[in-house]
Each structure stands twice: as structure tokens, then as C-alpha cells.
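Student:
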Amino acid sequence: MFVDETYIRVRAGDGGHGCVSFRREKYIPKGGPDGGDGGHGGDVVLIADPNQRTLASFRHTPSFRGQRGMSGQGNQKTGASGWDVIIRVPLGTIVTDIEKNELLADLSEPGGRVIVCHGGRGGKGNVHFKSSTQQTPRKATMGTPGEERSLLLTLKLLADVGLVGLPNAGKSTLLSRLSEARPQIADYPFTTLEPHLGVVAIGDGLESFVMADLPGLIEGAHAGKGLGHRFLRHIERTRLLLILIEGISEDPAEDFRVLQNELAEASPALANRPRWIVMTKADLLSPQKRQLGALQAGNDPLLWISSVSGEGLKELKTGIAARLKKMEKMEQEVALEKADVRLPAPQTPDKSSGLFDPYTDKKPWPTRWIIHKRRPHHSGLKKEGSSHA
Numbered sequence: 063m064f065v066d067e068t069y070i071r072v073r074a075g076d077g078g079h080g081c082v083s084f085r086r087e088k089y090i091p092k093g094g095p096d097g098g099d100g101g102h103g104g105d106v107v108l109i110a111d112p113n114q115r116t117l118a119s120f121r122h123t124p125s126f127r128g129q130r131g132m133s134g135q136g137n138q139k140t141g142a143s144g145w146d147v148i149i150r151v152p153l154g155t156i157v158t159d160i161e162k163n164e165l166l167a168d169l170s171e172p173g174g175r176v177i178v179c180h181g182g183r184g185g186k187g188n189v190h191f192k193s194s195t196q197q198t199p200r201k202a203t204m205g206t207p208g209e210e211r212s213l214l215l216t217l218k219l220l221a222d223v224g225l226v227g228l229p230n231a232g233k234s235t236l237l238s239r240l241s242e243a244r245p246q247i248a249d250y251p252f253t254t255l256e257p258h259l260g261v262v263a264i265g266d267g268l269e270s271f272v273m274a275d276l277p278g279l280i281e282g283a284h285a286g287k288g289l290g291h292r293f294l295r296h297i298e299r300t301r302l303l304l305i306l307i308e309g310i311s312e313d314p315a316e317d318f319r320v321l322q323n324e325l326a327e328a329s330p331a332l333a334n335r336p337r338w339i340v341m342t343k344a345d346l347l348s349p350q351k352r353q354l355g356a357l358q359a360g361n362d363p364l365l366w367i368s369s370v371s372g373e374g375l376k377e378l379k380t381g382i383a384a385r386l387k388k389m390e391k392m393e394q395e396v397a398l399e400k401a402d403v404r405l406p407a408p409q410t411p412d413k414s415s416g417l418f419d420p421y422t423d424k425k426p427w428p429t430r431w432i433i434h435k436r437r438p439h440h441s442g443l444k445k446e447g448s449s450h451a
């Protein structure tokens with residue numbers, strides 16, 4: 063079962079208590095205090111794991127608690143710290159503190175981690191409280207309690223391409239033809255009840271991209287109708303949208319309008335996302351009927367395909383790969399422009415004097431000493447800018 067939202071309760075371990083102890087050895091009748099400190103409590107850590115696909119496991123284990131730190135012992139022995147609790151979540155998990163309504167982390171990178179609850183600090187033993195006036199302190203501090211939170215975990219799938227369309231538009235069939243994913247396929251609406259991811263290999267398989275298939279959208283999905291509204295957030299991180307329109311539809315233009323409106327109502331960013339218009343089920347139409355049913359896609363590329371006969375699938379796959387490469391290159395150029403730091407032009411040093419003063423603004427180049435092998439009639443050091451030392 064695919065679960066993309068769940069609640070959990072987490073609590074870090076409490077710190078161990080400090081120890082009240084006095085040194086007792088043979089021939090030392092009045093030893094001083096030697097109580098050790100308590101160990102720290104274990105943290106609660108969330109880690110993004112690429113092998114996790116859903117949040118379903120948290121429905122059976124909704125609470126987690128870090129291990130308590132051990133109390134200190136005599137002979138100034140510090141108690142052992144508690145073990146951290148490691149919670150593995152899928153890539154794309156957003157962690158929110160429910161009580162504070164605060165975003166704690168967006169775990170979108172493999173191995174990304176965040177400490178959601180810090181363990182309590184260990185208490186101090188009585189060895190810390192001795193003084194010139196108090197030689198036998200009978201005082202130690204208790205460990206502090208660990209932090210506690212109620213968390214909302216929300217999953218947003220990470221995919222390069224998102225498939226968007228009305229029910230029964232051929233999204234699942236297309237995903238199964240381009241990748242090894244095997245979503246349920248049937249000739250009735252709402253066959254797809256949960257998102258599916260598929261890896262589409264390019265050429266010899268050295269390059270690939272991830273495609274996401276979502277439940278079909280209907281008019282009013284952004285307001286809660288149908289199934290697709292719950293899963294629209296999974297395409298918020300896609301870089302390219304494939305708008306699938308059923309070629310045999312009675313009114314393809316109206317279908318396209320409905321999808322455009324739902325994307326715009328759900329998120330303005332989705333409405334402006336780069337997209338391709340894909341007319342499906344081309345095998346059921348003659349070339350003349352295709353021309354009559356073709357959309358006015360404007361600047362958006364339009365392609366006819368058939369997942370049954372394979373028509374247009376190769377062109378679609380290679381075209382998507384080329385578009386993603388171009389977008390990635392543009393993103394890298396933008397990132398480089400943002401990171402560009404303009405350095406001042408280097409000043410030409412004044413070599414007329416032969417020596418440079420490293421402490422003046424007029425001659426900013428510091429003196430550098432270069433080590434040479436010892437030669438006859440020369441010292442071992444040579445100062446740059448002079449004939450010899």
C-alpha cells in the first residue's frame with residue numbers, strides 16, 4: 063500500500079544522573095568525592111534512504127524513543143550515552159513539527175539527515191562540587207529530559223517527468239512500455255489508485271530518467287474531487303510534464319482545458335512548468351482524423367503516440383532525454399552565474415626597488431622565500447626579486 067502522509071511521535075533519550083560517591087581505599091580513610099557524570103541521551107535522527115518507497119511502515123510503529131543515558135559511577139566513571147534512534151524515510155520526505163507548524167527538513171538528497179530531537183544532557187557528579195570549604199559534597203545533578211515532538215511526514219516523489227491526464231488516457235500503459243514498472247492496466251477509469259515510478263533507460267542504459275504515473279485528474283480535482291488531487295504534490299518537483307490527451311476523445315481541446323485549469327488551480331508553478339502535449343491511442347485513428355483532432359498546442363511540442371503499436375515511443379523517449387539535458391545545462395549555467403564572484407584586477411608590482419614590502423598598500427605582494435639546493439658560493443636561501451642572497 064502506498065502511503066505518502068503519516069504522523070509519528072518521537073522522543074529523545076533522557077540524560078543519565080550524576081553520581082554521589084566518595085573515594086574509599088585502603089590507607090586513605092578520608093578520600094574526596096569521585097562521582098562521575100551521567101551519559102547523554104540518544105538523539106532521534108531521520109535519514110533519507112533511496113531504498114524506501116513509502117511511509118506505510120510508520121502506520122504500525124508511530125512512536126520512537128531514544129535510549130536513556132546511563133548514570134555515572136564512582137571513581138569518576140561517566141555513564142554510557144544512549145544509542146541514537148535512526149529512522150529511515152523515502153527520498154523527498156518533508157518533516158514538519160505539528161505543534162509549532164515549523165518545517166524542520168526537506169530530505170531530498172540520498173543520505174540526507176536531520177536530528178529532530180536532541181537527547182538530554184547527562185547530570186554532573188559530586189566531583190564537580192568540591193571546594194575549599196566543602197570537601198565532601200553530597201550533591202549531584204539529574205540528567206535533563208530529551209526533546210519530544212509530534213511530526214508530520216509528507217512524501218513528495220522525486221521524478222524527472224510527470225504524466226498528467228484524465229482517467230483512462232493511457233498513462234500507465236505508456237509507463238509500462240517505456241520502463242520496467244508494471245502498474246495495473248485495465249480498460250476502465252481510475253485503474254491507477256496510487257503513484258508509480260519507472261526508470262526509463264536511454265540507448266545502452268548508461269543514461270536514464272525517472273517517470274511518475276499519477277491517478278487521473280477530473281474537473282474539480284484541486285477542490286477534492288476524484289483521486290488525483292491527493293497526488294498532485296508528487297509532480298511539484300518534476301522538471302517536465304507530459305500532458306496526455308486521449309486521441310479518440312470527443313473533445314480533446316476541452317480535455318486539455320480541464321487539465322490546464324486543474325494544474326493552475328493546484329499550483330501556479332505547475333501551470334508554468336515545461337511540458338509536452340502527447341496525443342495517445344494513435345493506432346485507433348487515421349492520419350486524416352488525427353489532423354482534425356490535433357490540438358492547438360502553441361509553443362508546446364505535440365506528438366502522436368501509440369503504446370500498443372509502439373508508434374512515436376522512440377521519438378518521445380529520445381526527445382525527453384534531449385530536453386532534460388538542455389534543461390540541466392541551463393540550470394547549471396544559472397547556478398554558475400549566481401555563484402560568480404568578481405575579483406579585482408591584479409595589480410602589477412613595482413619591481414624597480416628589487417625588494418617588496420609586504421606591509422604596504424603600494425606593494426601588496428608579500429616576500430616569498432624559495433628553497434634552493436646548496437651550491438658553491440651561494441647560500442641555501444634566495445629571495446625572490448633579488449639576484450642572490
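Residue numbers (the numbering used here): 63 to 451.
Quick reminder that beta carbons are idealized off the backbone N, C-alpha and C, glycines included.
Measuring only the C-alpha atoms, how far is T234 from E242?
Tutor: Going by the sequence as given, residue 234 is Ser instead of Thr. Rounded to whole angstroms, S234 to E242 spans 12 Å at the Cα level.
Student: A167 bridges to which residues according to DSSP?
Tutor: V157.
Student: When we look at the beta-carbon of N188 and count the other beta-carbons within 10 Å, is it buried (16 or more) or exposed?
Tutor: Classification for N188: buried.
Student: Could you tell me which residues DSSP puts in a beta bridge with D111?
Tutor: D111 is bridged to P152.
Student: Does the Cβ-Cβ distance between G381 and L347 come in under 7 Å?
Tutor: It is not a contact, given that the beta carbons lie outside the stated cut-off.
Student: Can you name, in chain order, every residue of its own chain whose Cβ lies under 6 Å from the Cβ of M132, other than the five neighbours on each side?
Tutor: If we look at M132 and ignore the five residues flanking it on each side, its Cβ neighbours are G78, G101, G141, A142.
Student: Might you give, ordered along the chain, the residues of its own chain that have their beta carbon closer than 6 Å to the beta carbon of D43, omitting 5 neighbours on each side?
Tutor: Residue 43 lies beyond the stretch modelled for the chain, which goes from 63 to 451, so this question has no answer here.
Student: Please state whether the Cβ-Cβ distance between A118 and V157 is less than 7 Å.
Tutor: The answer is no: Cβ separation not under 7 Å.
Student: Return the CA-CA distance between L294 and T300, expressed in angstroms with no decimal places.
Tutor: Taking the straight line joining both Cα atoms gives about 11 Å.
Student: Does any CB atom of chain B fall closer than 7 Å to the CB of L213?
Tutor: No chain B is present in this structure, which holds just one protein chain.
Student: Given this structure, state the Cα-to-Cα distance separating I177 from G98, to the nearest angstrom.
Tutor: For I177 and G98, the distance between alpha carbons rounds to 27 Å.
Student: Closer than 7 Å by C-beta to R115: which residues in its own chain qualify, once you throw out the five before and the five after it? Chain order, please.
Tutor: Hits under 7 Å: P152.
Student: Between G208, E164, G185, which lies nearest to G128 when the distance is taken from Cα to Cα?
Tutor: Comparing Cα positions, the closest option is G208.
Student: Within the continuous alpha helix (DSSP H) that includes V223, where are the two ends?
Tutor: V223 -> not in any alpha helix (DSSP H); beta strand (DSSP E) instead, spanning 223-227.
Student: Which residues bound the alpha helix (DSSP H) around E316?
Tutor: Note, E316: alpha helix (DSSP H), 314-328.
Student: Kindly indicate which three-state DSSP category G260 falls into: helix, strand or coil?
Tutor: DSSP places G260 in strand when its eight states are reduced to three.
Student: To the nearest angstrom, how far is the alpha carbon of V320 from that of P314?
Tutor: Roughly 10 Å separates the two Cα atoms.
Student: Taking Cβ positions, are T155 and L219 nearer each other than 7 Å?
Tutor: No, Cβ-Cβ distance for T155 and L219 is not below 7 Å.
Student: Determine the burial state of D222: buried for a count of at least 16 other Cβ atoms within 10 Å of its Cβ, exposed for fewer.
Tutor: So D222 counts as buried.
Student: Excluding sequence positions up to five away, which residues of its chain have a Cβ less than 6 Å from the Cβ of L325?
Tutor: If we look at L325 and ignore the five residues flanking it on each side, its Cβ neighbours are L332, A333.
Student: Going by alpha carbons, who is nearest to E377 out of K192, V147, L364?
Tutor: Nearest option by C-alpha distance: L364.
Student: What separation, rounded to the nearest whole angstrom, lies between the Cα atoms of A263 and L213?
Tutor: Near 37 Å, if we compare the C-alpha coordinates of L213 and A263.
Student: Going by beta carbon distance, what residues of the same chain come within less than 6 Å of G173, once the five residues before and after it are set aside?
Tutor: Excluding positions up to five away in sequence, the list is empty.
Student: Excluding sequence positions up to five away, which residues of its chain have a Cβ less than 8 Å from the Cβ of E161?
Tutor: Result list for E161: R211, S212, in chain order.
Student: For the alpha helix (DSSP H) that L236 lies in, which residues bound it at each end?
Tutor: Counting along the chain, the alpha helix (DSSP H) containing L236 begins and ends at 233-240.
Student: In the DSSP assignment, the beta strand (DSSP E) including C81 goes from what residue to what residue?
Tutor: Looking at the DSSP string, C81 is not in any beta strand (DSSP E), and its letter there is neither H nor E.
Student: What is the DSSP secondary structure of T198, counted as helix, strand or coil?
Tutor: Of the three classes helix, strand and coil, the one that applies to T198 here is coil, per DSSP.
Student: Give me the DSSP bridge partner(s) of D275.
Tutor: DSSP lists L225, H258 as partners of D275.
Student: For S368 and R239, I'd like the C-alpha separation in whole angstroms.
Tutor: Distance between the alpha carbons of S368 and R239: 10 Å.
Student: Going by the CB atoms, is the gap between R183 and T203 shorter than 7 Å?
Tutor: Going by C-beta atoms, T203 is not nearer than 7 Å to R183.
Student: For R200, which residues from the same chain have a beta carbon less than 6 Å from its beta carbon, with the 5 sequence-adjacent residues on both sides left out?
Tutor: Same-chain partners within the cutoff: V82.
Student: In this structure, how does DSSP classify M392 when only helix, strand and coil are distinguished?
Tutor: Correct three-state label for M392: helix.
Student: To which residues of the same chain is L165 closer than 6 Å at the C-beta, ignoring the five residues directly before and after it?
Tutor: Closer than 6 Å at the Cβ level, and outside the excluded window around L165, lie T158.
Student: Quick one: Cα of G185 to Cα of D76, how far?
Tutor: Roughly 10 Å between the two C-alpha positions.
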